[in-house]
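Chemist:
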Amino acid sequence: LTLVLYLPFIMLCLEIIYSIISLLYVFSGLFHVIGPKKPVIALVGGEALLPCHLSPSMDAQGMKVMWHLNHLSEVVHYYGNFQDDLQQQSPEYQGRTELLKENITKGQVALRIHPIHVSDEGEYSCSFASSTHSGEAQLEVTVTASGIAPHIHIEPSSTRGIKLTCKSTGWYPEPEVQWRDPKGQPLTWETETMTKEENGLVLVESSITVDERSRENPSCFIKNPVLNVEKGAYMSIAHPVWRAIKYTWFFALSLIIPVLLIYYEDAG
Numbered sequence: 642l643t644l645v646l647y648l649p650f651i652m653l654c655l656e657i658i659y660s661i662i663s664l665l666y667v668f669s670g671l672f673h674v675i676g677p678k679k680p681v682i683a684l685v686g687g688e689a690l691l692p693c694h695l696s697p698s699m700d701a702q703g704m705k706v707m708w709h710l711n712h713l714s715e716v717v718h719y720y721g722n723f724q725d726d727l728q729q730q731s732p733e734y735q736g737r738t739e740l741l742k743e744n745i746t747k748g749q750v751a752l753r754i755h756p757i758h759v760s761d762e763g764e765y766s767c768s769f770a771s772s773t774h775s776g777e778a779q780l781e782v783t784v785t786a787s788g789i790a791p792h793i794h795i796e797p798s799s800t801r802g803i804k805l806t807c808k809s810t811g812w813y814p815e816p817e818v819q820w821r822d823p824k825g826q827p828l829t830w831e832t833e834t835m836t837k838e839e840n841g842l843v844l845v846e847s848s849i850t851v852d853e854r855s856r857e858n859p860s861c862f863i864k865n866p867v868l869n870v871e872k873g874a875y876m877s878i879a880h881p882v883w884r885a886i887k888y889t890w891f892f893a894l895s896l897i898i899p900v901l902l903i904y905y906e907d908a909g
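Quick note on the numbering used here: the sequence shown kicks off at 642 and runs consecutively.
1) Which partner residues of Lys808 appear in the DSSP bridge assignment?
2) Give the C-beta separation of Cys693 and Cys767 to the nearest angstrom, bearing in mind that I take them to be a contact with Cβ-Cβ under 8 Å.
3) Cα-Cα, which of Lys808, Arg821, Val818, Asp852 is closest to Glu846?
4) Please identify the residue among Ile682, Pro677, Phe672, Ile803 whose C-alpha is closest to the C-alpha of Pro866.
5) Which of the three DSSP states is assigned to Met652 in this structure?
6) On the criterion of 16 or more Cβ atoms from any shown chain inside 10 Å, does Asp761 qualify as buried, or is it exposed?
7) Measuring straight from C-alpha to C-alpha, what distance separates Met835 and Thr806?
8) Between the Cα of Phe723 and the Cα atoms of His755, Val784, Ser771, Val685, which residue gives the shortest distance?
9) In angstroms, rounded to a whole number, what distance separates the CA positions of Leu752 and Pro732?
10) Measuring alpha carbon to alpha carbon, tell me which of Trp708, Ala790, Lys864 ends up nearest Ala874.
11) To the nearest angstrom, how far is the alpha carbon of Glu781 from that of Glu764?
12) So which of Glu833, Val717, Gln826, Gln728 has the shortest CA-CA distance to Tyr734?
13) Work out the CA separation of Gln819 and Ile757 for me, nearest whole Å.
14) Given Thr746, which residues of its chain have a CB within under 7 Å of its CB, disregarding the five upstream and five downstream residues?
15) Which same chain residues, not among the five before or five after Leu690, have their C-beta less than 6 Å away from its C-beta?
16) List the DSSP bridge partners of Val681.
17) Are the CB atoms of Val674 and Glu739 nearer to each other than 8 Å?
18) Assign Val870 to one of two classes, buried (16 or more other C-beta atoms within 10 Å of its C-beta) or exposed (fewer than that).
19) Where does Ser760 sit, in a helix, a strand or coil, going by DSSP?
20) Using DSSP with H/G/I as helix, E/B as strand and the rest coil, what is Thr832?
21) Here's the rule I'm using: 16 or more other beta-carbon atoms within 10 Å means buried, otherwise exposed. How should Pro859 be labelled?
22) Which residue comes first and which comes last in the beta strand (DSSP E) that contains Met707?
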């Protein structure tokens, strides 16, 4: 009961202590740099906002503010002498960055990158430097892309069934592929390839063989593991398709068997 009575007084004391510590930091020029704790998710072709601020809040107009992509040690953006200075900027980022400085008097900035490339993925550092003190924060950028809706290509299989190939492009990172039967149960695929294209995105191909006895109409689903979003293609194999496959095999056999007979006769 006594503690409850003194609780407002204790809270007031803590606020006063925090204010005094903050003032000491401001007058001494000491600060911490704080960035987002969670990774920033950026879509290929879209934009990313990378926020960064000082604690305690203070005017950063006269400070140097720099962004680096750590694994390449490249200067992404540089601010100094009260203005942006892009002479040190990496060519990879020229024309793609903007430092948002509306709240820089409070020590709050954000770096805008647009358009996003696959190569922008990685760990960034945001650093502030005054005449007496400096600090930096690390933050992670995760780049992703969901490709185009897949399409399924049909062709005869060497096992006298139908080979279905599901194909889609424009994914990042490598997607997850799953074939499903009409009840939604997973089917085992036979081949799967992931090909990295020139722009860094991934082309995916997956194949499965269906025979006439199964009478399955499989569906192909491709999933972006970062966004947890999937796109699918549905296949309905009509009876005339099976008939055409049979005729294809009969025609092929009608050509192969006479050739074999002639070969054996000549060999004899």
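For every residue, glycine included, the Cβ atom is placed at its ideal position computed from N, Cα and C. Remember, predicted model here, so these are calculated numbers, not experimental data.
Modeler: The answer reads as follows:
1) For this step, residue 808 is matched to residue 167 along the sequence shown. The partner list for Lys808 (beta bridge, DSSP) reads His792, Glu846.
2) Mapped onto the sequence shown, residue 693 falls at position 52. Mapped onto the sequence shown, residue 767 falls at position 126. Contact holds; Cβ gap of about 4 Å.
3) As a position in the sequence shown, residue 846 is number 205, starting the count at 1. If we check each option's Cα against that of Glu846, Lys808 comes out closest.
4) Working through the sequence shown from its first residue, we reach residue 866 at position 225. Considering only alpha carbons, the answer is Ile682.
5) Numbered from its first residue, the sequence shown carries residue 652 at position 11. Looking at Met652 - three-state DSSP - the assignment turns out to be helix.
6) On the sequence shown, residue 761 is found 120 positions in, with the first residue counted as 1. Result: buried.
7) Stepping through the sequence shown from its first residue, residue 835 is reached at position 194. Stepping through the sequence shown from its first residue, residue 806 is reached at position 165. Each residue's Cα considered, the two are about 13 Å apart.
8) By 1-based counting over the sequence shown, the position of residue 723 is 82. Here the closest residue by C-alpha is Ser771.
9) What you label residue 752 is simply residue 111 of the sequence shown in a count that begins at 1. What you label residue 732 is simply residue 91 of the sequence shown in a count that begins at 1. Computed Cα separation, rounded: 17 Å.
10) Here the question's residue 874 lines up with position 233 in the sequence shown. When only C-alpha atoms are compared, the closest one is Ala790.
11) For the purposes of this step, residue 781 is taken as the residue at position 140 of the sequence shown. For the purposes of this step, residue 764 is taken as the residue at position 123 of the sequence shown. Each residue's Cα considered, the two are about 4 Å apart.
12) Translated into the one-based positions of the sequence shown, residue 734 becomes position 93. Nearest option by C-alpha distance: Val717.
13) Taking the sequence shown and counting its residues from 1, one reaches residue 757 at position 116. Taking the sequence shown and counting its residues from 1, one reaches residue 819 at position 178. Approximately 28 Å between the Cα atoms of the pair.
14) Numbered from its first residue, the sequence shown carries residue 746 at position 105. Counting only Cβ-Cβ distances below 7 Å, and skipping sequence neighbours, we find Asp700, Gln702.
15) Here residue 690 is taken as the residue at index 49 of the sequence shown, counted from 1. Around Leu690: Ala751, Arg753.
16) Translated into positions along the sequence shown, residue 681 becomes position 40. Val681 pairs with Val782.
17) On the sequence shown, position 33 is the one that residue 674 refers to. On the sequence shown, position 98 is the one that residue 739 refers to. No, they are not a contact pair.
18) Position 229 of the sequence shown holds residue 870. It is exposed - the Cβ of Val870 has fewer than 16 other Cβ atoms within 10 Å.
19) The residue you call residue 760 lines up with position 119 of the sequence shown. Ser760: helix per DSSP, three-state reduction.
20) In the sequence shown, the residue the question calls residue 832 occupies position 191. In the structure shown, Thr832 sits in a strand (DSSP, three-state: E or B).
21) If you number the sequence shown from 1, residue 859 lands on position 218. The residue in question, Pro859, is buried, as its Cβ has 16 or more Cβ neighbours within 10 Å.
22) Taking the sequence shown and counting its residues from 1, the one referred to as residue 707 is at position 66. From DSSP, the beta strand (DSSP E) with Met707 extends over 705 to 710.
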